[in-house]
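Structure first, commentary second.
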Amino acid sequence: MKKSPRKTATSAAAVLRQIRIVATDVDGVLTDAGMYYSESGDELKKFNTRDGMGIKLLQKTGVITAIVTQERTKIVARRAEKLAIPELHQGVMDKLTVIREMAVRHGFALQQVAYIGDDVNDLEALRAVGFSASPADGLPEIVAAVDYVCQKKGGEGAVREVVELILEAQTSRHKVQGKRG
């Protein structure tokens, strides 16, 4: 089902220019995969503000942003609300189905979706989308399956790294189109 191993820089740029939805997992991607608990039982997660800014930058270009996670927490809902992420899907056991339905609802093909994941429950979705990525510390089978392995670890700017690739590819597309027009 998965396309050939890693895309070349040229083919990756062509795919990245077509991306219209960027979806990400939470634990291990937007966070460092740690689960922190206070004495009173509160669960805490650490998010990277640079990832958040990257999401905002994508939104400014019209790219739809999404969180698709198996977990269900108020923390993630608050983060999605703060970043105005329009597609928040928590408690998801079948991520590919949710991503496919989201793409159809917005009128896009799976080839126009980028997904960032780090663990085995992301594998099916990573294999199906147009561009797949993993943080540097994703599980070995995930790292082996994706189009791009980030230099950054989860929770340390991996999402921003992927965002920068997309923005760079799409900016170059707009420059080329502007020269033609």
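163 is the number that this note's numbering gives to position 174 of the sequence shown; each next residue is one higher, with no gaps. In this text, a Cβ means the ideal position worked out from N, Cα and C, and glycines have one as well.
DSSP places I8 in the coil class of the three-state scheme, outside both helix and strand.
Taking a contact to require three or more Cβ pairs closer than 8 Å, the segment 23 to 33 and the segment 97 to 112 do not qualify as touching. If you compare the alpha carbons of Q140, R116, L19 with that of L99, the shortest gap goes to R116. The shortest CA-to-CA distance from L5 to any of G30, K45, T58, F120 is the one to F120.
Residue ranges of uninterrupted alpha helix (DSSP H) with 4 or more members, entirely inside the segment 5 to 75 and ordered along the chain, are 38 to 49, 63 to 71. With fewer than 16 other beta carbons inside 10 angstroms of its own, D31 counts as exposed. Of all alpha-carbon atoms in K84, G80, T54, the one lying nearest the alpha-carbon of K71 is that of T54. Taking V148 as the centre and dropping the five residues before and after it, the same chain places the C-beta of T13, V18, L19, N37, D40, G43, I44, I105 closer than 8 Å to its C-beta, in chain order.
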